[in-house]
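Number of protein chains: 2
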Amino acid sequence: MTSYAAAKAAVDGYIAGFAAGDVDAIVALYADDATVEDPVGIEIKQGIAAIRAFYTMSMATGAKLAPLGPIRVAGEYVAFPFAVKLEWQGKAQRIEVIDLFRLNAAGKITEMRAFWGPENMLSD
Amino acid sequence: MTSYAAAKAAVDGYIAGFAAGDVDAIVALYADDATVEDPVGIEIKQGIAAIRAFYTMSMATGAKLAPLGPIRVAGEYVAFPFAVKLEWQGKAQRIEVIDLFRLNAAGKITEMRAFWGPENMLSD
Numbered sequence: 104m105t106s107y108a109a110a111k112a113a114v115d116g117y118i119a120g121f122a123a124g125d126v127d128a129i130v131a132l133y134a135d136d137a138t139v140e141d142p143v144g145i146e147i148k149q150g151i152a153a154i155r156a157f158y159t160m161s162m163a164t165g166a167k168l169a170p171l172g173p174i175r176v177a178g179e180y181v182a183f184p185f186a187v188k189l190e191w192q193g194k195a196q197r198i199e200v201i202d203l204f205r206l207n208a209a210g211k212i213t214e215m216r217a218f219w220g221p222e223n224m225l226s227d
Numbered sequence: 104m105t106s107y108a109a110a111k112a113a114v115d116g117y118i119a120g121f122a123a124g125d126v127d128a129i130v131a132l133y134a135d136d137a138t139v140e141d142p143v144g145i146e147i148k149q150g151i152a153a154i155r156a157f158y159t160m161s162m163a164t165g166a167k168l169a170p171l172g173p174i175r176v177a178g179e180y181v182a183f184p185f186a187v188k189l190e191w192q193g194k195a196q197r198i199e200v201i202d203l204f205r206l207n208a209a210g211k212i213t214e215m216r217a218f219w220g221p222e223n224m225l226s227d
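Sequence lines, in order, name chains A and B. Position 116 of the first sequence, counting from 1, maps to 219 under my numbering, and the rest follow consecutively. Position 61 of the second sequence, counting from 1, maps to 164 under my numbering, and the rest follow consecutively.
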């Protein structure tokens, strides 16, 4: 079971990492053998090298995250709604996402799953 | 992989079922061997009888659901943020929740997980 404080620190660090465009800060939130599934349904990435490659690509879009409501902490998990704001083909876009982090006893993310689909991609 | 239409029908039916106080309507959304974990971290209920007992108890509080944002459909899942509004010890209360449904090919819920904790329970 994760504490509210540890879950909040992970989510705040994630949003701050995107705000700063700091891939290292994001990668540091993850456990070494963590998995990332973004969006849910595509191939799962495992391990820090794959996770670093994924976020390096994400950051290249200039993506920033804007919370859309409170975090929900339950058991080993934290779920939270937010918008990804980015430029795509010269236009401001927004993707409305719910992320789910599973955290270990050290507060590191062991599993990240991002729930979003085509209907959540909007023009700003 | 679930369709957006099937996912939306399940979520709309869930919210409508609570609005009507109709336990049968909620139970009909579930597959026979489905599991319910609400909140995540407590014992998982399995099967229609256990699910019916759970919702009978929930409905007795007069709980209604108010969406707090769009549904997110990904793979076999739909995630959505909402508030549960209920009376507790004579006072209007609100719980801010994210639910995650896993759907089968027939559009029935096979797994429901509700993410919320003490910090999400608020006085209205």
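Don't be surprised by glycine CBs; every beta carbon is placed ideally from N, CA and C.
How long is the line joining the alpha carbons of B:Gly220 and B:Ala134, rounded to whole angstroms?
-> For the purposes of this step, residue 220 of chain B is identified with residue 117 of the second sequence, where counting begins at 1. For the purposes of this step, residue 134 of chain B is identified with residue 31 of the second sequence, where counting begins at 1. Cα to Cα, the separation comes out at about 27 Å.
Note the first and the last residue of the continuous beta strand (DSSP E) segment covering A:Ile174.
-> The count along the first sequence starts at 1 and reaches residue 174 of chain A at position 71. Looking at the DSSP string, A:Ile174 is not in any beta strand (DSSP E), and its letter there is neither H nor E.
Are there 16 or more other CB atoms within 10 angstroms of the CB of B:Ala156, so buried, or fewer, so exposed?
-> Position 53 of the second sequence, counted from the start, is the residue given in the question as residue 156 of chain B. Burial call: exposed.
Can you list, in chain order, the residues of its chain whose CB lies under 6 Å from that of B:Gly172, leaving out five sequence neighbours each side?
-> Counting from 1 along the second sequence, the entry for residue 172 of chain B is found at position 69. Cβ within range, chain order: Pro184.
Report all residues from its chain with a CB closer than 8 Å to the CB of B:Ile147; omit the five preceding and five following residues, and keep chain order.
-> Start at 1 with the first residue of the second sequence, and residue 147 of chain B comes out as number 44. Thr138, Val139, Glu140, listed in sequence order.
Where B:Ile147 falls: helix, strand or coil (DSSP) | Here residue 147 of chain B is taken as the residue at index 44 of the second sequence, counted from 1. It is coil, neither helix nor strand.
Going by DSSP, what residues sit across from B:Thr138 in a beta bridge?
-> For this step, residue 138 of chain B is matched to residue 35 along the second sequence. Answer by DSSP bridge pairing, in chain order: B:Gln149, B:Glu214.
Do B:Leu206 and B:Val187 have their CB atoms nearer than 8 Å?
-> In the second sequence, the residue the question calls residue 206 of chain B occupies position 103. In the second sequence, the residue the question calls residue 187 of chain B occupies position 84. No, the Cβ-Cβ distance between B:Leu206 and B:Val187 is not below 8 Å.
Contact belief for B:Ala113 with B:Gly210 at Cβ below 8 Å, rounded distance in angstroms | Within the second sequence, residue 113 of chain B is the residue found at index 10, counting from 1. Within the second sequence, residue 210 of chain B is the residue found at index 107, counting from 1. About 6 Å; that satisfies the 8 Å criterion.
How close, in whole Å, do the beta carbons of A:Ala108 and A:Gly116 come, if the pair is a contact with beta carbons under 8 Å?
-> Position 5 of the first sequence, counted from the start, is the residue given in the question as residue 108 of chain A. Position 13 of the first sequence, counted from the start, is the residue given in the question as residue 116 of chain A. Wrong, their Cβ atoms sit about 12 Å apart, outside the cutoff.
According to DSSP, residues forming a beta bridge with B:Tyr133 = The sequence position of residue 133 of chain B within the second sequence is 30, counting from 1. According to DSSP, B:Tyr133 bridges with B:Ile212.
Give a yes or no on whether the minimum CB-CB distance between A:Tyr133 and chain B is below 8 Å.
-> For this step, residue 133 of chain A is matched to residue 30 along the first sequence. No, its Cβ sits nowhere closer than 8 Å to a Cβ of chain B.
Name, please, each residue of chain A whose Cβ falls closer than 7 Å to the Cβ of B:Met104.
-> Stepping through the second sequence from its first residue, residue 104 of chain B is reached at position 1. Those within 7 Å of B:Met104 in chain A are Gly144.
Indicate whether B:Met162 and B:Val126 have their beta-carbon atoms separated by less than 8 Å.
-> The count along the second sequence starts at 1 and reaches residue 162 of chain B at position 59. The count along the second sequence starts at 1 and reaches residue 126 of chain B at position 23. In contact: B:Met162 and B:Val126 (Cβ atoms closer than 8 Å).
Can you tell me which of the three DSSP states A:Ser226 falls into?
-> As a working note, residue 226 of chain A is residue 123 in the first sequence. A:Ser226: strand per DSSP, three-state reduction.
Consult DSSP for B:Ala163 and reduce its assignment to one of helix, strand or coil.
-> Indexing the second sequence from 1 puts residue 163 of chain B at position 60. In this structure, B:Ala163 counts as coil in the three-state DSSP scheme.
For A:Ile145, the nearest candidate out of A:Asn223, A:Phe218, A:Leu225 (CA to CA) | Your numbering for residue 145 of chain A matches position 42 in the first sequence. Residue A:Phe218 is the option with its Cα nearest to A:Ile145.
Return the bridge partner residues of B:Asp202 from the DSSP annotation.
-> Counting from one through the second sequence, the residue named residue 202 of chain B turns up at place 99. Note: B:Asp202 sits in a beta bridge opposite B:Phe183, B:Ala217.
Contact with chain B by A:Ala182, beta-carbon distance below 8 Å = The sequence position of residue 182 of chain A within the first sequence is 79, counting from 1. By this cut-off, A:Ala182 is an interface position.
CA nearest to the CA of A:Gly178, picked from A:Phe204, A:Tyr158, A:Pro142 | Position 75 of the first sequence, counted from the start, is the residue given in the question as residue 178 of chain A. Shortest Cα-Cα distance from A:Gly178 to any of A:Phe204, A:Tyr158, A:Pro142 involves A:Phe204.
Please name the residues in the region 169-199 of chain B whose beta-carbon is closer than 9 Å to at least one beta-carbon of chain A, in chain order.
-> Leu171, Gly172, Pro173, Ile174, Arg175, Val176, Ala177, Gly178, Glu179, Tyr180, Val181, Ala182, Phe183, Pro184, Glu199
Ignore the nearest five residues each way along the sequence and tell me which others in A:Val143's own chain have a CB closer than 7 Å to its CB.
-> As a working note, residue 143 of chain A is residue 40 in the first sequence. Cβ within range, chain order: Arg216, Ala217, Phe218.
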